[in-house]
Each structure stands twice: as C-alpha cells, then as structure tokens.
Amino acid sequence: AQSVTQLGSHVSVSEGALVLLRCNYSSSVPPYLFWYVQYPNQGLQLLLKYTSAATLVKGINGFEAEFKKSETSFHLTKPSAHMSDAAEYFCAVSGTYNTDKLIFGTGTRLQVFP
Amino acid sequence: KAGVTQTPRYLIKTRGQQVTLSCSPISGHRSVSWYQQTPGQGLQFLFEYFSETQRNKGNFPGRFSGRQFSNSRSEMNVSTLELGDSALYLCASNGGTGAYNEQFFGPGTRLTVL
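Chain order of the listed sequences is A and B. Heads up, the first sequence is in our numbering, so the first residue is 1 and it goes up one at a time. Heads up, the second sequence is in our numbering, so the first residue is 1 and it goes up one at a time.
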C-alpha cells in the first residue's frame, strides 16, 4: 500500500524567502515520487520527479526536492519565492511497477506576499 | 503538440441524472487515467485505460465507469448522480509503454450536482 502525507495545508512566505513544502511517503515497494503544481482553474503540471536515479532532483521554475529514504521524505524547496509561485502543490507517489496510478497528498496552498 | 483536452469544461446536473465526460489525450498517447478532485477527499484515482482495456481501477462504486475508443479518446460515465459527485474530474494521458510514463493532465471538467 502507498500513501503520502503533506504537512501544512497552507504555507505563507514573503517574496524572496525560502519555500519549503513537506511531503512524507509510505510505500511497500520502491517508490516513484512526484511534485505537481495546480494553478486556479487549471489541471496539474509536473514540477519534478524522482524515479530512482539521483536523490536530489531539480525541476522547473527553480524548484528542487531531495529523496531521503531514511526519513521517507521528499520535501520541495525553492531558494527564493516569486509571486508567480502562488498555487497549490501536490506530492504524489506511485509504485515502480505501476506508474500509471498516482496516489496524491492532500495538497499545500502556497501564498506569496510582496 | 496539442495537450490533453477535456469536454465539457463545466457541467451542472441534478441528482439522479447521469453524465458523460470526454477526454482526448495527447496525440500518440495510448493510456488515459481519470481522477476525481474534491475539497474533502482530495485527488483520487478512478481508473486507467490502455488500448481500450481497463488496466487499473480505484475504489469507486460501480456508478463510475469508463471506456476508451480505438483512437485513444476516453469517456467516463457517472450514473445516478449524488450530491457528493460534485467535483473536478481530471484526465491524464501518457505513452503507456515505458518503465516510467509521465502523466500529462488536462484542465478538468467541473461537475456540479444540484
């Protein structure tokens, strides 16, 4: 069985500040892990993915995440927030044998203040 | 290349009615997955079709069904609508044949059940 827990349904940061969105996973098989972003009235866009290669993964828009097996974590970070980063972010997991079924966390809404 | 398209974008129905939603995948993609997004339950996997066959299924009642056509377009149907079926329904497509297949999401169909 697989599951994802996102700590904090809302995160607020000032423009230029560090963004840290937390994700912990549980998986009975080696996982693939993903971060998606959703802007209002839009679908999901893939930010980055971990598929058992490098544990530090760089994505689009300056985001990156580090896979830590010992902590079962895959936290998303960005060194300097931009107003355009305001959106909802979802962490997701799939099994390496069934990548077509994504299990999502409950999402974290990021607000960026000027 | 055109992205995943979903029609209609918005739909209003009443309890007891049935509804059909349509998804056209990215050209060349053979796998289509459906997800339900609600404020209470978050993003939940409904089912996935590959080459006209249901390959994965989530934990939804039999009122939720789908199919895929030979051109990879997919439809999902919900019969005997309930108020709790109000949600954003997202469709995602991928190539379907590799070890890892990135999911590309459409903008969704927002269904309101009155």
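Where a beta carbon is used, it is the ideal one built from N, C-alpha and C, also for glycine. Predicted model, so just to flag it, every value in this text is computed and none were measured.
The beta strand (DSSP E) enclosing A:Met83, as first and last residue numbers: No beta strand (DSSP E) holds A:Met83; DSSP gives it neither H nor E.
message: So that I know if they touch, is there some Cβ in chain B lying closer than 9 Å to that of A:Thr55?
response: No, because no Cβ of chain B sits closer than 9 Å to the Cβ of A:Thr55.
Per-residue burial, B:Tyr89 [other beta carbons within 10 Å of its own, 16 or more giving buried]: buried
- request: Would you mind stating whether A:Tyr25 and A:Thr51 have Cβ atoms separated by less than 9 Å?
  value: no
field: Neighbourhood of A:Gly8 by C-beta, 7 Å cutoff - its chain only, sequence neighbours within 5 removed
entry: Arg22, Thr108
query: What's the C-alpha gap between B:Ser72 and B:Arg30?
result: B:Ser72 and B:Arg30 have their C-alpha atoms spaced approximately 6 Å apart.
- prompt: Should B:Gln54 go down as buried or exposed, given a rule of 16 or more other Cβ atoms within 10 Å for buried?
  reply: exposed
- prompt: Any beta-carbon of chain B closer than 9 Å to the one on A:Tyr25?
  reply: no
task: With DSSP collapsed to three states, give me the class of A:Ile60.
output: helix
query: Looking only at its own chain, which residues have a Cβ that is under 7 Å from the Cβ of A:Thr55, when we skip the five neighbours before and after it?
result: Hits under 7 Å: Glu66, Phe67.
field: Beta-bridge pairing of A:Lys68 - partner residues as DSSP gives them
entry: A:Ser73
field: Whole-number beta carbon distance between B:Cys91 and B:Val19, since they are thought to touch under 8 Å
entry: Contact doesn't hold; Cβ gap of about 14 Å is too wide.
Cβ-based burial, A:Ala87 [other Cβ within 10 Å; buried from 16]: By the neighbour-count criterion, in which 16 or more other beta carbons inside 10 Å mark a residue as buried, A:Ala87 falls on the buried side.
- prompt: Considering only residues of the same chain and omitting the five flanking positions on each side of B:Phe104, which have a CB-CB separation below 7 Å?
  reply: Gly3, Val4, Ile26, Ala92, Ser93, Asn94
query: How many whole angstroms separate the CB atoms of B:Arg15 and B:Arg110, which I take to be in contact at a CB cut-off of 8 Å?
result: Not confirmed; about 17 Å, so no contact.
Helix, strand or coil at B:Gly128 according to DSSP, with G and I counted as helix: Nothing can be reported for residue 128 of chain B: it is not among the residues displayed for chain B, which extend from 1 to 114.
task: Return the first residue and the last residue of the beta strand (DSSP E) that B:Gly42 is part of.
output: Judged by DSSP secondary structure, B:Gly42 falls within the beta strand (DSSP E) whose first and last residues are 42-50.
message: For chain B, check one thing: does any of its Cβ atoms lie closer than 9 Å to the Cβ of A:Ala17?
response: no
task: Can you say whether B:Glu48 is buried or exposed, counting buried as having 16 or more other CB atoms within 10 angstroms of its CB?
output: buried
- prompt: Are the C-beta of A:Gln42 and some C-beta of chain B separated by less than 9 Å?
  reply: yes
- prompt: With 9 Å set as the bound, which would you pick, yes or no: does the beta-carbon of A:Gly105 sit closer than that to a beta-carbon of chain B?
  reply: yes
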